[in-house]
Every structure is written in C-alpha cells, then in structure tokens.
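Let me begin by presenting the structure, written as structure tokens, before commenting on it.
Numbering (my numbering), first residue to last: 252 to 516.
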C-alpha cells in the first residue's frame with residue numbers, strides 16, 4: 252500500500268523489504284524507523300525467512316533522517332526527544348546485525364547519513380551505477396561518526412579511506428565503493444533486483460542452520476581479539492553442525508551427485 256512505510260514481498264525463503272517513502276527520498280521518519288526495527292527484530296523467530304533483501308522505491312535509496320517526521324508531544328524535554336530519536340534509528344541497525352538472516356542491500360541514488368549506515372549494516376551490498384553515499388552528519392554541524400558508521404566503515408574499507416569520508420562528508424561513488432571493497436558488484440538498474448535474488452538463491456541452497464551460524468560467526472569474529480578466539484567460535488559451530496541431520500544429508504548428496512534436501516534438522 253502507498254501509505255505503508257515498508258513493503259514486504261515473499262519469494263519462498265527470501266523476503267524483499269522495500270523502503271516506501273519515495274516522495275521523501277525514503278528518509279527515516281517515525282513510521283519508517285519503527286516499521287524497520289519491528290521487522291528486523293521479529294526475524295529472530297522466523298526460521299521460514301532465510302535471506303532478506305533490502306531495497307527502496309523511487310529515485311533514492313535513503314537520503315537520511317527526516318527531522319520533521321518526529322513529533323515531540325511535549326511530554327519530553329528536548330534532550331529526551333532527540334535521545335529517543337537517536338536510539339530508535341540505532342536500534343534498526345542493531346537489529347539488522349542481530350538477526351540470523353543474511354541481509355543483501357541493493358543501493359541506488361542517494362544513500363546519505365542513516366541511509367549510508369543502513370547499507371553498511373547489511374552483509375552484502377550490490378548497487379546501481381548512480382549510487383552515491385556519504386556520512387552526511389558532519390555536513391550539518393554534527394560529528395561524522397554516527398549510527399555505527401565509525402564501527403562499520405573502517406572494518407570494511409580500512410582506517411584511511413574511512414577517515415577520508417567520515418571527516419569530510421564527501422560522497423563516495425559506486426565505482427569507488429567497488430574498488431575499495433565496500434560493494435560486491437555494480438549492476439544495471441533493471442538488473443539489480445535479479446542480481447540480489449540470484450545471490451540469495453545461492454545462499455538458501457545451503458543448510459539453514461549452517462547459514463545462520465555462519466552469519467553469527469562472521470559478526471563475532473569481526474571483533475575477535477585473536478586467531479584463537481576466532482577459531483573457538485568456529486570450532487563450536489562446526490561441532491554442532493557435524494551432529495545435525497543436514498550434515499549427513501549434505502555428505503550423501505555430494506557422494507550421490509545430487510542437490511541436497513535440507514530440512515533444518
């Protein structure tokens with residue numbers, strides 16, 4: 252529906268979530284923020300959804316925050332009002348990282364501020380050639396480090412490139428993002444969704460629990476203190492999966508040269 256801040260389409264075990272405020276360049280107002288936070292939080296209990304694709308309607312992915320879309324009813328002070336706003340948007344990104352499903356982002360047009368962070372919080376990023384991203388916060392008198400940007404960006408592209416863009420607020424083009432590893436692929440606008448779906452189909456061809464635990468290990472090991480700590484996470488997960496019925500099915504399918512029939516058991 253036109254009034255829904257997000258649209259959700261199911262393609263079997265894949266769900267496509269579309270930001271649906273094209274007239275406002277998909278900026279974060281209250282309705283969009285809480286719809287996204289509720290959706291990603293709810294994924295923890297939805298084993299029927301195995302991969303999520305996030306995209307946007309209109310000419311921009313997300314142009315940032317819509318300050319006019321947040322109402323203070325007078326019951327809160329100014330600090331309390333902005334704290335609620337800040338934590339609500341941050342909660343979307345935290346829920347994206349916490350959910351067990353891999354998230355494939357399809358970016359196009361402008362992805363500024365909160366929109367940039369939305370891409371950074373995804374697991375894989377594909378884009379149309381016109382994608383332009385920036386940590387816009389510093390351009391309006393705030394710090395350039397906001398909504399996880401200072402956490403995600405250095406881990407994805409290194410400290411030097413992250414500092415360049417965070418400290419200036421300059422736009423990163425799709426070509427630059429591809430060259431520094433922030434994007435996995437650039438696709439023509441008409442091919443972008445199918446490119447994301449093709450990747451999602453490859454992911455869901457794998458064992459369900461193996462896919463969930465792989466995202467979990469990647470998240471944890473981004474912050475691992477040592478190789479030993481990273482291997483401890485991997486060892487625990489592999490031993491758990493070795494005891495699953497899906498492992499036995501995967502081995503049998505490999506030997507019989509047929510596609511596996513996983514049952515998440």
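The beta carbon of each residue, even a glycine, is placed where N, CA and C say it ideally should be.
Everything numeric in this text was worked out from a predicted model, so none of it was measured.
Could you check what DSSP says for residue i in three-state terms: helix, strand or coil?
i	result
residue 300	coil
residue 271	coil
residue 436	strand
residue 323	coil
residue 393	coil
residue 266	strand
residue 518	Missing from the structure shown is residue 518; the chain here goes from 252 to 516 and no further.
residue 414	helix
residue 292	helix
residue 384	strand
residue 456	coil
residue 475	coil
residue 494	coil
residue 306	strand
residue 405	helix
residue 442	helix
residue 400	helix
residue 333	helix
Quick check on residue i: buried or exposed, where buried means 16 or more other Cβ atoms within 10 Å of its Cβ?
i	result
residue 477	exposed
residue 395	buried
residue 494	exposed
residue 303	buried
residue 482	exposed
residue 439	exposed
residue 299	exposed
residue 397	buried
residue 473	exposed
residue 328	exposed
residue 446	buried
residue 506	exposed
residue 408	buried
residue 453	exposed
Tell whether a beta-carbon distance below 8 Å holds between residue i and residue j.
i	j	result
residue 344	residue 360	no
residue 354	residue 373	yes
residue 316	residue 282	no
residue 509	residue 496	no
residue 264	residue 301	yes
residue 444	residue 357	yes
residue 470	residue 421	no
residue 430	residue 417	no
residue 484	residue 468	yes
residue 501	residue 458	yes
residue 492	residue 461	yes
residue 268	residue 305	yes
residue 342	residue 262	no
residue 308	residue 256	no
residue 291	residue 362	no
residue 375	residue 435	yes
residue 450	residue 488	no
residue 280	residue 321	yes
Comparing the CB of residue i with every heavy atom of the ligand MG, is any distance shorter than 7 Å?
i	result
residue 382	With respect to the ligand MG, the structure shown offers nothing to examine, as it has no ligands at all.
For the putative contact between residue i and residue j, defined by C-beta atoms under 8 Å, what is the C-beta separation to the nearest angstrom?
i	j	result
residue 351	residue 427	Wrong, their Cβ atoms sit about 32 Å apart, outside the cutoff.
residue 314	residue 378	Between residue 378 and residue 314 the Cβ distance is about 16 Å, and since that is not below 8 Å, they are no contact.
residue 258	residue 277	11 Å between Cβ atoms; not a contact.
residue 511	residue 437	Rounded, the Cβ-Cβ distance is 32 Å, inconsistent with contact.
List the residues that DSSP assigns as beta-bridge partners of residue i.
i	result
residue 313	362
residue 375	355
residue 470	According to DSSP, residue 470 bridges with nothing at all.
residue 279	316
residue 260	267
residue 424	383
Determine whether the Cβ of residue i lies closer than 8 Å to any Cβ atom of chain C.
i	result
residue 415	Included in the structure is just one protein chain, with no chain C present.
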